[in-house]
Amino acid sequence: ERGLLYAPQISLAVLEAYQRHLRSYRKADGNTLAVGGQLNRLSTVKNFYRWLLQRHVILYSPAEMLTLPKEEKRLPAQVFSEQETRQVLGSLDTEKPLGLRNRAILEVLWSTGIRRMEVANLMLSDVDFKRGVVNVRQGKGKKDRVVPVGHVALEWVTRYLRSVRPHLTQRADSGHLFVTYHGKGLNRGTLTQIGGETIREKARINKPGACHIFRHSMATQMLDNGADTRHIQAILGHEKLETTQIYTRVAIGHLQEVHALTHPEEQDETWTDRHGSASDAVAAEPQTRRERNHAEMERALVSRKRSRRR
C-alpha cells in the first residue's frame, strides 16, 4: 500500500505501524491476535532484518530498535491431583496391546514431564534402564537433555517392549520407542488423541488437555512434595527459572506449611500462650527457633509423603 518494495526503505516508524496493526487486527472469528501470535510475527521480522544485516544487504536494522511485546506467564490451565493421575492411568485396559502401550506412554509422560513431541521422538536407544534416565534429543529450542525416569514407568515400558512392541514391528521398525500398528513412530495428533480419550472417556475426568497436563501435574506435584524449583527447571528443560516458578503458584500446599512454620506472626509466643499451639510437640532438648522450624518442616514433609502412599 505504501509502495515500499525494498528492505532499505523500511524505517522504524513503518515497523511500529505494523506492530499497531497487529494489535488491532481481528481474525475471522472476531478475536484479536494473542500476544504470542504478535510476538511470533514480529520476531520473524527481526530475524529477517538481522539476516540481511549479516549479509551486508542493509547497513543497519531498524528492527533492532523495535520493542517486542512480553507474553504473559499464565498459570497452567489444569493440573491433576495425584489421585486423579492414578485414576487416569488405571483406567486403561492393559490386557489389550494398545492399552498396555498407552499405559507405558502416559507413565513416561507423568514420570519425566517431557513434552508430547519429545516422547514421540524417543528412540529405543534413548532409554537407559541401568541409569534410570531418558535422553531427550533436540527438544524445544533444539537442545538435548537427560531426564530422570522412575522405576514404575520403566516397569511399564519393559512390559510393553516384551509383550507388545515385537508384534507391532513385524513388518517394519522405525526404531522409535513407541510405535503404531505399522511399526512407525507416533505423531503428535495420535498422542493427543490417546491422552484426551483416556482422561475424559475412560477415566471420566472432565478436564481439558491431553499430554501436556501430565507435564503440568508432574511439576506441580513434585513442588508440592518439596522439590526445588531449579531441579524442576532442569527436568522440564526450561531456559528461564521464571517459567518454572509459575508452578509454585499452583503447588501451594507446601508453601502454606512453610508459611505457618516460619512467618513471624505465626511464631507469636504470647498468642500461643493464650490460645495454644497448632502443634504441641515438644522437642526432647532445647532448640533454637530456626532448628525447631526446620525439624517441623522435615516432619511435615515425611507425614505428607506417608499419607499420599496410603
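Under our numbering, the first residue of the sequence shown is numbered 100, with each subsequent residue one higher. Ideal Cβ positions, reconstructed from N, Cα and C, are used throughout, including at glycine. Note that this is a predicted model, so its numbers are computed, not measured.
Alpha-carbon spacing of V113 relative to R149, whole angstroms: 17 Å
In chain order, what residues of the same chain lie with their CB nearer than 8 Å to the CB of S142, ignoring the 5 residues before and after it? L167
How would you call R261, buried or exposed, if buried means at least 16 neighbouring beta carbons within 10 angstroms? exposed
Which residue marks the beginning of the beta strand (DSSP E) containing R244, and which one marks its end? R244 to P247
Buried or exposed: D128, going by 16 or more other Cβ atoms within 10 Å of its Cβ? exposed
Where do the ends of the alpha helix (DSSP H) carrying V187 lie? E181 to G189
Answer with buried or exposed for T184, where buried requires no fewer than 16 other C-beta atoms within 10 angstroms of its C-beta. buried
Start and end residues, alpha helix (DSSP H) containing V278: Looking at the DSSP string, V278 is not in any alpha helix (DSSP H), and its letter there is neither H nor E.
Cα-Cα separation, I109 to C310: 43 Å
Looking at L335 and Y259, is the spacing between their C-beta atoms short of 8 Å? no
In the DSSP assignment, what residue or residues form a beta bridge with R125? T131
Indicate the three-state DSSP secondary structure (helix, strand or coil) for D414 in the structure shown. With the chain running from 100 to 409 in the structure shown, residue 414 is simply not present.
So, is S123 buried or exposed, given that buried needs 16 or more other C-beta atoms within 10 angstroms? exposed
Please classify G308: is it buried, with 16 or more other beta-carbons within 10 angstroms of its beta-carbon, or exposed? buried
Neighbourhood of V263 by C-beta, 6 Å cutoff - its chain only, sequence neighbours within 5 removed: P196, L199 and R200
Answer with buried or exposed for F277, where buried requires no fewer than 16 other C-beta atoms within 10 angstroms of its C-beta. buried
Where the alpha helix (DSSP H) containing V235 begins and where it ends: V235 -> not in any alpha helix (DSSP H); beta strand (DSSP E) instead, spanning V232 to V235.
Own chain partners of S216 with C-beta closer than 7 Å, once the 5 adjacent residues on each side are dropped: Before going on, a small fix: residue 216 reads as Met here, not Ser. If we look at M216 and ignore the five residues flanking it on each side, its Cβ neighbours are R287.
Enclosing alpha helix (DSSP H) for Y159 [first to last residue]: No alpha helix (DSSP H) contains Y159, which DSSP labels as neither H nor E.
C-beta atoms of V256 and A219 nearer than 8 Å: no
Three-state class that DSSP yields for D225 in the structure shown: helix
Buried or exposed: which applies to H315, given that a residue is buried once 16 or more other Cβ atoms fall within 10 Å of its Cβ? buried
Using three-state DSSP, classify A383 as helix, strand or coil. With a pLDDT of only 42 at A383, under 50, the local geometry of the prediction cannot be trusted, and no value is derived from it.
I'd like the span of the alpha helix (DSSP H) that includes L322, first residue to last. C310 to D323
Just mark A133 as buried or exposed, buried being the case when its beta carbon has 16 or more other beta carbons within 10 Å. exposed
Whole angstroms is fine: what's the gap from A106's alpha carbon to E163's? 14 Å
Backbone CA spacing between G294 and R125 [nearest angstrom]: 32 Å
Rank V144, L104 and T131 by C-alpha distance to the C-alpha of Y117 and give the top, closest one. V144
CA-CA distance, T297 and H120? 42 Å
Which whole-angstrom value describes the C-beta separation of E206 and V251, a residue pair presumed to lie in contact below a C-beta threshold of 8 Å? 7 Å
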